[in-house]
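Just so you know, the protein sequences line up as chains A and B, in that order.
So for the first sequence, the working numbering puts the first residue at 1; every next one is plus one.
So for the second sequence, the working numbering puts the first residue at 302; every next one is plus one.
Each residue gets a CB set at the ideal place from its N, CA and C atoms; glycine is no exception.
Accompanying notes for the structure given below.
Number of protein chains: 2
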Amino acid sequence: MQKNISDCNIGIAGLGLMGGAIAAALREKCGVTQQRLFACDRDNDSLNTAMQAGLTGKSFEASRAGEMLSLCDIVFLCLNPSSIPGFLEQWKDSFKRGCLITDIAGTKESIAAAAREFCKYRESASGGYDDNIDFIPGHPMAGAEKSGFSNSALCNFNGKNYILTPIAPNKPENIEFIKQLIYQMGFSRITQVTPAEHDRKIAFTSQLCHVIAAALIDCESDTEITRFGGGSFEDLTRIAMLNAPMWTELFIENRVSLMDRIDQFEKSLNDLKAMIGRSQAVELENRLALVKERRIRMSKR
Amino acid sequence: MQKNISDCNIGIAGLGLMGGAIAAALREKCGVTQQRLFACDRDNDSLNTAMQAGLTGKSFEASRAGEMLSLCDIVFLCLNPSSIPGFLEQWKDSFKRGCLITDIAGTKESIAAAAREFCKYRESASGGYDDNIDFIPGHPMAGAEKSGFSNSALCNFNGKNYILTPIAPNKPENIEFIKQLIYQMGFSRITQVTPAEHDRKIAFTSQLCHVIAAALIDCESDTEITRFGGGSFEDLTRIAMLNAPMWTELFIENRVSLMDRIDQFEKSLNDLKAMIGRSQAVELENRLALVKERRIRMSKR
Chain A
1 MQKNISDCNI
11 GIAGLGLMGG
21 AIAAALREKC
31 GVTQQRLFAC
41 DRDNDSLNTA
51 MQAGLTGKSF
61 EASRAGEMLS
71 LCDIVFLCLN
81 PSSIPGFLEQ
91 WKDSFKRGCL
101 ITDIAGTKES
111 IAAAAREFCK
121 YRESASGGYD
131 DNIDFIPGHP
141 MAGAEKSGFS
151 NSALCNFNGK
161 NYILTPIAPN
171 KPENIEFIKQ
181 LIYQMGFSRI
191 TQVTPAEHDR
201 KIAFTSQLCH
211 VIAAALIDCE
221 SDTEITRFGG
231 GSFEDLTRIA
241 MLNAPMWTEL
251 FIENRVSLMD
261 RIDQFEKSLN
271 DLKAMIGRSQ
281 AVELENRLAL
291 VKERRIRMSK
301 R
Chain B
302 MQKNISDCNI
312 GIAGLGLMGG
322 AIAAALREKC
332 GVTQQRLFAC
342 DRDNDSLNTA
352 MQAGLTGKSF
362 EASRAGEMLS
372 LCDIVFLCLN
382 PSSIPGFLEQ
392 WKDSFKRGCL
402 ITDIAGTKES
412 IAAAAREFCK
422 YRESASGGYD
432 DNIDFIPGHP
442 MAGAEKSGFS
452 NSALCNFNGK
462 NYILTPIAPN
472 KPENIEFIKQ
482 LIYQMGFSRI
492 TQVTPAEHDR
502 KIAFTSQLCH
512 VIAAALIDCE
522 SDTEITRFGG
532 GSFEDLTRIA
542 MLNAPMWTEL
552 FIENRVSLMD
562 RIDQFEKSLN
572 DLKAMIGRSQ
582 AVELENRLAL
592 VKERRIRMSK
602 R
């Protein structure tokens, strides 16, 4: 039976940039009341600010996450990717029966594995009755170059992409429910793929782009260089103002796909470099014309 | 003696993306009347559109550029970089005495060389009287990923950078005059450097960024990839929709500096790649933190 959002208590585990943005979207766009929205975080300032702003109705320190989980029909895990398996392990018995869990991590294979294990544990621990718990891994493609709850307003969900990577135990009605919620939050396109496919694609669109932006800044020490900027440099390097611990995790977690993508990028870069070095104008212009045409096709949905 | 803009006839040689944008800025922001603004181009449609829109008062086919030049006190050469030396050579006797010339090309060493030669020729050809002609090479950092006169409105000069690369013969009052005009057009910061310095800096902020964007698109054939885009990929590759012939020219013209910049970028990329491949989380996080801090410093003026 599909859940009804107005009957649900919703918990945000991790009230950072994305946790805060999701909380705001649930309140402003999905009709979730303050009384039914809870948050836990290790930063008490963020928790207090959210309460005072009328965003959340209850706050829980990190050490009391289990108390929150025991109340929630829906839980958004908005933690750093590497913290999620440990969080599930620590609080596996605290989640309410029938709870629907999702997460926001930028890598999905390891999360999906942890989710499968968690669902299996709950099934085996339920001693015969239907525990009915579910965990649908997801990835909202709507970050910002700044981090933390205080920057949540920088995340704009309107028109953005959301990836869901369902696992075998997921119930179709739960997938349907979470999709409706995602559209209500403002996202315009949901793509369903396997966790492995997600990680391969994201290695390109997200992680490779961040590595490139970082390398661009790494190779230029002149901080007055923006005098010579015309927009391209600024656009390509804005994401170099990244959350260093989180991106370190994402890069290393997804390193197999990411290394492949770096190799492919380097190959294309070297092709172009060779043509430039040899002044092969015709070949270079043809290749750039193909690139232009492909990028224009990519812009069209 | 400094020119007075309202007494000047102004010619735009090349009514493309930037020529059109400069024409519009001169009319809308600098008080230049339609009667005093002329254009020449090989595309008659652009010329006619500009006349009908009340932008320009006279139009000249490319073969009649000399007629326009003989009337102009100020000339903006808005041609592809490689066309400028030939244009100067072809029409060197047509420019009006005392004319102030500038250009918009994205490479400056070759333009500065052509400008020096042109000024020298005019001086030697003037037979003793003061020809008083001047050519101040420049580069407005305000392009767009689309090209052509019809896309001129995409160029927004407000708050943008402008580089001037004066040469020895330039008169201080002419440099002052052109700077005032540039600020009037909406640009917020003018940087004066040598042509060589310009080309080294621009190889990084502009050309390297375009090569990287092109390589990113070159290495991914899935045109549905934008389903997995969260903004980074879109921002990094928007400029891959480039004007292929013009960027081919710019890359090859400035290939010595550009190859250096590609090498430096590849070195940084390989450093990061090595850390990712070896899962060196501490080193990687430290390096990314330095990158973040440097990029933030670059944002501040």
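Where the beta strand (DSSP E) through residue i begins and ends
i              : result
residue 140(A) : 138-141
Residue(s) in a DSSP beta bridge with residue i
i              : result
residue 378(B) : 314(B) and 404(B)
residue 463(B) : 441(B) and 491(B)
residue 61(A)  : 41(A)
residue 394(B) : Answer is none; residue 394(B) lacks a bridge partner.
residue 134(A) : 100(A)
With 16 other Cβ atoms within 10 Å as the buried cut-off, status of residue i
i              : result
residue 506(B) : buried
residue 4(A)   : exposed
residue 466(B) : buried
residue 293(B) : The structure shown does not extend to residue 293(B), since chain B spans only 302 to 602, so no value can be given for it.
residue 44(A)  : exposed
residue 207(A) : buried
residue 6(A)   : exposed
residue 427(B) : exposed
residue 394(B) : exposed
residue 288(B) : Chain B is shown only over 302 to 602; residue 288(B) falls outside these bounds and no answer can be derived.
residue 320(B) : buried
residue 137(A) : buried
residue 102(A) : buried
residue 530(B) : buried
residue 273(A) : buried
residue 201(A) : buried
residue 416(B) : buried
residue 237(A) : buried
residue 441(B) : buried
C-beta contact flag for residue i and residue j at 8 Å
i              : j              : result
residue 72(A)  : residue 9(A)   : yes
residue 459(B) : residue 227(A) : no
residue 240(A) : residue 592(B) : yes
residue 335(B) : residue 356(B) : yes
residue 100(A) : residue 130(A) : no
residue 382(B) : residue 554(B) : yes
residue 419(B) : residue 370(B) : no
residue 589(B) : residue 248(A) : yes
residue 482(B) : residue 331(B) : yes
residue 37(A)  : residue 27(A)  : yes
residue 469(B) : residue 269(A) : no
residue 17(A)  : residue 148(A) : yes
residue 212(A) : residue 595(B) : no
residue 536(B) : residue 199(A) : no
residue 324(B) : residue 313(B) : yes
residue 476(B) : residue 255(A) : no
residue 108(A) : residue 245(A) : no
residue 490(B) : residue 433(B) : no
residue 152(A) : residue 21(A)  : yes
residue 511(B) : residue 232(A) : yes
residue 392(B) : residue 414(B) : no
Element boundaries [alpha helix (DSSP H), containing residue i]
i              : result
residue 421(B) : 410-426
residue 303(B) : First-last for residue 303(B): undefined, no H or E at that position.
residue 288(A) : 281-299
Fully enclosed by the segment 179-262 of chain A, which alpha helix (DSSP H) runs are 4 residues long or longer?
-> Runs found: 195-202, 209-218, 232-237 and 244-253.
Listed from N- to C-terminal order along the chain, which residues in the segment 43-76 of chain A have their beta-carbon within a distance smaller than 7 Å of any beta-carbon of chain E?
-> In summary, chain E is missing from the structure at hand, where the protein chains are A and B.
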